[in-house]
Amino acid sequence: MTYIAKPSLHHPSLTLNKVGYTRRDYEGRISTLCAGCGHDSISAAIIQACWELDIEPHRVAKLSGIGCSSKTPDYFLGASHGFNTVHGRMPSVLTGANLANRDLLYLGVSGDGDSASIGLGQFANVMRRGVRMAYIVENNGVYGLTKGQFSATADRGSKSKKGAVNSDSPVDLVGIALQLGATFVARSFSGDKEQMVPLIKGAMSHGGAAFIDIISPCVTFNNHSGSTKSYDYVRQHNDAVSRIDFITSRDEITTTYAPGEVIDVQQHDGSMLRLRKLHADYDPTNRNAAMSYMAEHQARGEVVTGLLYVDPLATDLHTSMNTSKKTLNSLCAAELCPGRAALDKINAGFR
Ligand SMILES: Cc1ncc(C[n+]2csc(CCOP(=O)(O)OP(=O)(O)O)c2C)c(N)n1
Ligand code: SF4
Ligand SMILES: [Mg+2]
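187 is the number that numbering that gives the first Met the number 0 gives to position 188 of the sequence shown; each next residue is one higher, with no gaps.
Structural data, given as structure tokens:
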């Protein structure tokens with residue numbers, strides 16, 4: 000419960016990362032979510048990823064909308080910047096914050112209702128603009144917080160806990176992100192921490208818009224037979240395209256897999272995504288091939304997980320807008336004012 004404070008004292012033998020923090024320093028308050036909710040497993044993976052990446056907590060800004068999923072930033076990275084926005088409006092607030100301060104690492108956390116229902120327009124625009132961020136949707140196919148109505152990602156024909164059948168076609172956020180130009184697109188499952196942690200590390204080190212759709216079962220309203228977002232369904236239909244390792248530029252890079260089975264993708268910051276292919280025909284650097292692969296496998300009822308697409312040379316909104324390299328609050332008056340001659344020229348252009 001949030002009113003029970005976690006003890007701030009750490010055991011002196013806890014391991015420190017390279018910037019001097021224990022894993023506990025990346026935790027937040029005690030979760031108020033239902034026991035067994037997939038969202039808590041995602042919070043644990045975010046904590047692990049940020050600790051292993053040696054990120055100083057004050058360098059992260061976590062933003063969310065409204066929903067059980069959007070409550071979770073309270074439960075991790077308690078020493079980071081945070082902003083809980085209006086339902087479905089997290090992407091525009093994140094975009095503004097990012098443009099004002101390009102030095103922070105932006106982590107957007109949202110739900111399928113927040114991003115695919117009310118917030119679909121904002122989701123689409125933040126992806127097509129290439130805002131540098133790691134955007135995670137904790138996808139359970141329902142509005143968990145408001146008691147289990149179908150969300151826009153619920154599959155046609157899937158059943159609610161009370162037996163109602165969903166007759167609408169689902170919104171596929173992975174397909175939209177791929178189509179609109181996101182440069183790192185992945186899908187994972189909250190029950191697979193081994194897959195989630197390197198994906199989150201890769202997304203947080205990526206140079207552009209990184210999106211991870213994480214199927215995250217709602218144990219209270221959407222974990223029955225008839226749901227396609229339940230623990231049992233995803234375990235039975237999960238088809239991983241690759242197993243991923245994340246290697247920071249500081250680590251020694253060694254090859255541990257047999258040649259021919261491994262693809263190394265180096266990101267702009269020097270970090271390496273090492274993919275052990277499970278499907279020989281899968282190429283995560285080909286956007287069109289990724290889109291048709293996803294469509295084919297989805298039609299067979301498979302939930303494809305792993306790193307689906309990455310553009311290692313991705314650039315972001317700052318590059319396309321040619322913005323100042325400095326954060327807005329560090330620009331002085333002389334840098335903000337172009338000078339009398341330049342202003343006269345601009346004014347003359349309006350006459
Ligand atoms: C503008 C607005 N409309 C509706 C609501 C009611 N509401 C709160 S959370 C929510 C859905 C949340 O679903 P999702 O994003 O999937 O999160 P989950 O709880 O499933 O993690 C809705 C409809 C609201 N808070 N604000
Ligand atoms: S209602 Fe569902 S989504 Fe919300 S905390 Fe409970 S299990 Fe998680
Ligand atoms: Mg939901």
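Glycine included, every Cβ here is placed at the ideal spot set by N, Cα and C. Keep in mind the model is a prediction, meaning the values are calculated, not measured.
Cut-off 7 Å between Cβ atoms - residues of its own chain near residue i, not counting five sequence neighbours on either side
| i | result |
| --- | --- |
| Gly112 | Gly66, Tyr142 and Ser150 |
| Asp244 | Pro197 and Arg273 |
| Val218 | Cys33, Gly35 and Cys36 |
| Ser69 | Ser63, Asn83, Val108, Ser109, Gly110 and Asp113 |
| Asn222 | Pro216, Ser229 and Tyr230 |
| Gly269 | Ser248 |
| Arg58 | Leu103 and Leu104 |
Limits of the unbroken beta strand (DSSP E) element including residue i
| i | result |
| --- | --- |
| Ala133 | Met132 to Asn138 |
| Lys61 | Val59 to Ser63 |
Residue i: CB within 6 Å of a non-hydrogen atom of ligand 2
| i | result |
| --- | --- |
| Cys67 | yes |
| Val218 | yes |
| Cys36 | yes |
| Cys33 | yes |
Cβ-heavy atom distance, residue i to ligand 4, below 6 Å
| i | result |
| --- | --- |
| Ser30 | For the structure depicted, ligand 4 is absent and the ligand set comprises only ligand 1, ligand 2 and ligand 3. |
Alpha helix (DSSP H) segment containing residue i, residue limits
| i | result |
| --- | --- |
| Asn346 | Arg339 to Gly348 |
Residue i, DSSP secondary structure in three states
| i | result |
| --- | --- |
| Ser68 | helix |
| Ser329 | helix |
| Ser241 | strand |
Ligand 3 heavy atom lying under 6 Å from the CB of residue i
| i | result |
| --- | --- |
| Val141 | yes |
| Asp111 | yes |
| Ser150 | yes |
Close Cβ partners of residue i (< 6 Å) along its chain, the five nearest in sequence each way excluded
| i | result |
| --- | --- |
| Ala181 | Met126, Ala208 and Phe210 |
| His317 | Arg101 |
| Ala202 | Ala133, Phe183, Ala209 and Ile211 |
| Ala332 | none |
| Asp263 | Met271 and Arg273 |
| Ser157 | Asn165, Ser226 and Thr227 |
| Ala115 | Ala151, Thr152, Val170 and Leu172 |
Heavy atom of ligand 1 within 6 Å of residue i beta-carbon
| i | result |
| --- | --- |
| Leu62 | no |
| Leu98 | no |
| His278 | no |
| Leu144 | yes |
| His317 | no |
| His86 | yes |
Same chain, Cβ closer than 8 Å to residue i, five either side skipped, listed in chain order
| i | result |
| --- | --- |
| Thr326 | Ala99, Asn100, Arg101 and Asp102 |
Tell me the start and end of each unbroken alpha helix (DSSP H) in the segment 258-327 that is at least 4 residues and wholly inside, in chain order.
-> 286-298 and 316-320
Where in the segment 181-237 do unbroken runs of the alpha helix (DSSP H), each at least 4 residues long, occur, reported from the N-terminal end onward?
-> 192-203 and 230-236
Start-end ranges of the beta strand (DSSP E) lying completely within the segment 99-171, minimum 3 residues | 104-110 and 132-138
Quick one: complete beta strand (DSSP E) runs, 3+ long, within the segment 4-89?
-> 59-63 and 80-83
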